[in-house]
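Numbering (UniProt numbering), first residue to last: 1 to 201.
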């Protein structure tokens, strides 16, 4: 009985994975171009103003954001409010925690991430890479720490704006890609997702 149930569940997961990866090659192309240009602009600004070893402007959480805003543009977590708001809220939380509890990384790291999640939920700006933005604020080394609350403005806010503007351009070039996604489409997507979960349970 258990074996049969596991096999059925495995078949469902395999079908879902197969279906979710059936994307037009043009979709792959524009996802690649968007991510390349978005991260490329940030990296170019980094190379102009800062030494190559001081990667202050090019923070890792922007890479994770690129996956969402260029590769999963239908996701509610990829929308502008979430992209910009999630990063900014998390940066504020991270810097605040680092300021109040300096040099206690085993406390500041989990507190920054945990509080950033809660405040993103409260402000309805949940954006998974935001957790990394908060973590970088407390673990990014002396260069990040020396920025203080300037970290919120640059690199976080300015970088998020760059990613958003590039997404606005490249995610609307073709008729099949639309960004940001309208509220009605998001609600319909959520309803369909809930139906699928209910039917598969």
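Even for Gly, the Cβ is constructed at its ideal location relative to N, Cα and C. Remember, it's a predicted structure, so these values are computed and weren't measured experimentally.
Query: What are the uninterrupted segments assigned as alpha helix (DSSP H) that are 4 or more residues long and contained completely in the region 41-88, given in chain order?; Result: 61-71
Query: Cα separation between residue 37 and residue 166?; Result: 7 Å
Query: Helix, strand or coil: how does DSSP classify residue 102 here?; Result: coil
Query: CA-CA distance, residue 16 and residue 8?; Result: Its pLDDT being 49, under 50, residue 16 is placed unreliably by the model, and the measurement read from it follows with that caveat. Going by the C-alpha atoms only, they are around 13 Å apart.
Query: Roughly how many angstroms separate the alpha carbons of residue 181 and residue 77, rounded to a whole number?; Result: 11 Å
Query: Could you compute how far the alpha carbon of residue 156 sits from the alpha carbon of residue 75?; Result: 21 Å
Query: Using the three-state DSSP reduction, which class does residue 174 fall into: helix, strand or coil?; Result: coil
Query: Let me make sure I understand the geometry here. Which of 73, 56, 67, 109 has the alpha-carbon closest to that of residue 171?; Result: 73
Query: If you follow the alpha helix (DSSP H) that residue 135 is in, where does it begin and where does it stop?; Result: 129-139
Query: Grab the span of the alpha helix (DSSP H) containing residue 147 for me, first residue to last.; Result: 142-147
Query: In angstroms with no decimal places, state the Cα-to-Cα distance between residue 92 and residue 57.; Result: 16 Å
Query: Looking only at C-alpha atoms, which of 118, 105, 67 sits nearest to residue 86?; Result: 118
Query: Alpha carbon to alpha carbon, how far is residue 111 from residue 142? Give it in angstroms, no decimals.; Result: 19 Å
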